[in-house]
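Protein chains in written order, with the numbering used here: chain A, 3 to 307; chain B, 80 to 388.
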Amino acid sequence: MNVIETSGLGKRYGKAWALHDCTLTVPEGCLAALVGPNGSGKSTLMNMAVGLTLPTEGTATVLDGQVIGTPVALDDIAFMAQDAPVYKNMSVADMLHLTRNLNRRFDGPFARARLTDLGIPLKKKSGKLSGGQQAQVALTLALARRPRLLILDEPLSALDPLARQDFMATVMTTMADEGTSVLLSSHALADLERVADYLIVLGGGQLRIAGEVEDLLATHRVLTGPAAQADRYASQLSVVQVKRAAAQAHLLVRTSGTDDPVLPGWEAHPVSLEELTLAYLRAPQAEADPKPANTNHSEPTEAAR
Amino acid sequence: MTVLTMPARPGHDTAPPPVPWRRMVWVTWRQHRATMISVPAVLGALALFLLFAGLKVHHDYAALTACHPQGSVACEALNRTFNGTDWSMGNVLNILMQLLPVLLGMFAGAPLLARDLEAGTFRYAWTQGVGRVRLTIAKFAILAVVITVLAWAFSQLFTWFFEPFLPQENLNVLSATVFDTRGIVFAAWTLAAFCIGAFLGMLLRRVIPAMAVTLGVYLVLALGIWPLRKHYPVAVVTDNPGSIPFTSGPSTPNSPWFLSSWTSGGKYWTKYIPVSRFWPMQFIEAGWLLALSLLLLVGTVWLVRRRAA
């Protein structure tokens, strides 16, 4: 069961592709982190998943083959848009009531209890709340819908570090209690590194890599050795990135297993998720790799299954 | 009371019952509370004014028609009151009445969707379980009905208010500015103005430009129809014009609308619209305005479905 499936999905604004030829599969029950710099197509992908943006090319389905944007699909998806839009002239209580009326399911007692815990007064106008509080209201509204899929577009950007932790704790609790799948975007991986179990890296409107975090870490490693041998060695491997520091070279390579033997004089280290993400974001095509593996979108996903 | 109504999740093959329409009434009320309060309030205040002004106008008119002998100093004073003071007020109100539909279209219709698009809140509203099409149709229809009904009621009051001026000011129900403030046509113009506003709001996605363009489009349409009304297929052609109460001078409440005359086959033909064709003309005009409104509703929903964020 997949919560999101896309095939050759793309969106063009004028002549520029906000997202191009994106094929990926997000399995159920994951916290999928969608990372990439600003303008990499994260919001475009998310907006397409909820039907706010129509694809220029390709197809996408959600929650096991449902057409995106239909009421049936939206019934099970809660979307928190970037900057958490709320009706500024409505009180928080009115926002709760409005959301209840716009959906078949709404857990009012949960929503009120959570907002009370957070110290957000229900009678206050939404527009008078701080940015962080507005984000909390938007998250509460989304959670109270009891969705199967929670899509959160840059939800952490308005929050201070403490609120980020609380926010992520709430999301994790919901996943554990309700079996909710989460797709969460961020331009900073640091917030998600320890919690994400699925990673999608977008850069410049292109899918750089996608896969289960465990599999990605198991199939990548850093090889350190003499710089003089680096090019020759790299040509035998599936290299994502080559870094040189004086006489030493660091090769981030994709392998079939982490215990493959290495050349004498070389050492193998496990890779961190952040290193891996940054490596894929830094122009992967530029690193000479005879095999198309590191730019192939579907292979990592398949490998992850 | 709020309860979790659906603890068990249905499989995707069993389509769940959609969010009930009746809930959209509260949603529309809450989202457009300012419109829903201010429009009845303003129309109510104007109606109150029309009521008192109308009582005076009717009183003055009754006194004037009862005055005897005509030409006496007392009757001249009554004449001056009615055709001076009363008529200048009635004339101004009649002009404002021509603008009322477009004002409603600008202030109630244009923000209907444009405000959500401008503020970014459509990303919240359009991703709820009800679906954006259902939400749009509900909001659109509820506000359109409320405003059209209010406009109809208001035009009935205005018709009563304006009635005494017709014989005195050489007007009748076929006069351009009289025809469209009475019957069902005023309500139809208001509905059309609202729909123009809502459609343009969706098209332009900004409140102020949508209001401005609504005004322009409405004025072109409303003024453009004046020379076209005579082409409604209601005219009568006769070779016996003597039977018609044509007057060369000022029109009377029964004066037909003379269109043209020509000689053919040795006979003198006259084409005209009798006052009795008022209602057929009303239905024709209200009919095409209703069709236009429905078209604009369909167009708006199409844009809502198609428009990408």
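Note that beta-carbon positions come from the ideal geometry of N, C-alpha and C, so glycine has one too.
- Per DSSP, reduced to three states, the secondary structure at B:Q207 is coil, with no helix or strand assignment.
- By the rule that beta-carbons nearer than 8 Å mark a contact, A:N103 touches chain B.
- Here B:T107 is buried, its C-beta having at least 16 other C-beta atoms within 10 Å.
- Contact of B:T200 with chain A by beta-carbon distance below 8 Å involves P87, V88 and Y89.
- Of all residues in the stretch 101-126 of chain B, the ones placed with a Cβ closer than 7 Å to any Cβ belonging to chain A are R102, W105, V106 and R109, in chain order.
- Under the Cβ criterion (8 Å, minimum of three pairs), the stretch 287-301 of chain B does not count as touching the stretch 208-215 of chain B.
- Any Cβ of chain B closer than 8 Å to the Cβ of A:D96 would place that residue at the interface, and such an atom is present.
- For a cut-off of 8 Å, the C-beta gap from B:K218 to B:L191 is around 6 Å, short enough to register as a contact.
- Counted as a single uninterrupted DSSP element, the alpha helix (DSSP H) harbouring B:Q177 occupies residues W166 to L183.
- Apart from sequence neighbours up to five positions away, the residues of its chain that approach A:T176 with a beta-carbon distance below 6 Å are L145 and T182, ordered along the chain.
- With respect to the 8 Å criterion, B:I352 and B:L368 are not classified as neighbours on the basis of their beta carbons.
- Taking 8 Å as the CB threshold, B:W205 lines the interface with chain A.
- The Cβ atoms of A:L204 and A:S42 sit closer than 8 Å to each other.
- A Cβ-Cβ separation of about 4 Å places A:T46 in contact with A:A20 under the 8 Å criterion.
- Using a C-beta cut-off of 8 Å, the stretch 21-30 of chain A makes no contact with the stretch 123-135 of chain A, since fewer than three inter-stretch Cβ pairs fall below that distance.
- Here A:C32 carries a coil assignment [DSSP, helix/strand/coil].
- Counting only runs of 3+ residues, no beta strand (DSSP E) is found wholly inside the stretch 105-138 of chain B.
- Considering only beta carbons, the part of the stretch 53-67 of chain A lying closer than 7 Å to chain B consists of L54, T55, L56, L65 and D66, in chain order.
- Against chain B, the beta carbon of A:A83 has neighbours under 8 Å at G199, R202, Y203 and T206, listed in chain order.
- Contact between the stretch 265-275 of chain B and the stretch 145-155 of chain B is absent: fewer than three C-beta pairs spanning the two stretches fall below 8 Å.
- A:L204 is bridged by DSSP to A:L209.
- A Cβ-Cβ contact shorter than 8 Å links A:S240 with A:V255.
- By the neighbour-count criterion, in which a residue is buried when 16 or more other Cβ atoms sit within 10 angstroms of its Cβ, A:R147 is buried.
- Ranked by Cα distance from A:V184, the first of A:D168, A:A192 and A:L201 is A:L201.
- Across the stretch 272-291 of chain B, no CB contact with chain A closer than 7 Å is found for any residue.
- For A:A249 against A:P272, the beta-carbon gap comes to about 23 Å, at or over 8 Å, which does not count as contact.
- Listed along chain B, the residues sitting closer than 7 Å to A:L100 by beta-carbon distance are V106 and R109.
- The beta carbon of A:L98 sits closer than 6 Å to the beta carbons of A113 from its chain, once the five residues preceding and following it are set aside; these are given in chain order.
- Under the three-state reduction of DSSP, A:T8 is assigned to strand.
- From the beta-carbon of B:R356, no residue of chain A is found nearer than 9 Å; the closest lies around 48 Å away.
- For a Cβ distance threshold of 8 Å, residue set P95 and G208 of chain B lies close to A:D77, ordered along the chain.
- For B:P246 and B:L236, the gap between their C-alpha atoms comes out near 18 Å.
- Beyond the five residues adjoining it in sequence on each side, A:L158 comes within less than 7 Å, by CB distance, of R166, F169, S188 and D193 in the same chain, given in chain order.
- B:T317 and B:H147 have their C-alpha atoms roughly 40 Å apart.
- Residues A198, D199, Y200, L201 and L275 of the same chain have their beta carbon placed closer than 7 Å to that of A:V215, with the five preceding and five following residues left out of the count.
- Note that the stretch 262-272 of chain B does not touch the stretch 154-169 of chain B; fewer than 3 beta-carbon pairs, one per stretch, sit closer than 8 Å.
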